[in-house]
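Structure first, commentary second.
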Amino acid sequence: MKEGVSMRYIITLLWSFALGQVVGYLGSALSSQPYNFIQTSIFSVICGLMIIALGRLTPTTEEKIS
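For the sequence shown, numbering that gives the first Met the number 0 begins at 0 and goes up steadily by one.
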């Protein structure tokens with residue numbers, strides 16, 4: 000792996016976790032449902048992993064040209 004690539008994945012997971020918690024909290028407050036930290040955490044990390052997988056599977060512009 001290139002230098003700094005693994006750090007990009009860690010930061011992506013941290014941001015997806017943090018933003019997922021915010022969305023989960025606001026969504027539970029708006030729908031008058033109890034906030035579930037564990038369920039929101041699992042969903043946030045799964046979404047982050049899907050974003051990482053999507054980024055790894057799609058070709059970059061250099062790969063499209065050659």
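Even glycine gets a Cβ: it sits at the ideal position worked out from N, Cα and C.
Since this is a predicted model, take the numbers as computed values, not measurements.
Asked, Found
"CB contact flag (residue 34, residue 24, <8 Å)", "yes"
"Burial state of residue 39, where buried means 16 or more other Cβ atoms lie within 10 Å", "buried"
"Whole-Å CB distance - residue 19 paired with residue 46, under 8 Å assumed", "6 Å"
"Unbroken alpha helix (DSSP H) run spanning residue 24, endpoints", "4-29"
"Beta-carbon proximity check, residue 15 vs residue 50, cutoff 8 Å", "yes"
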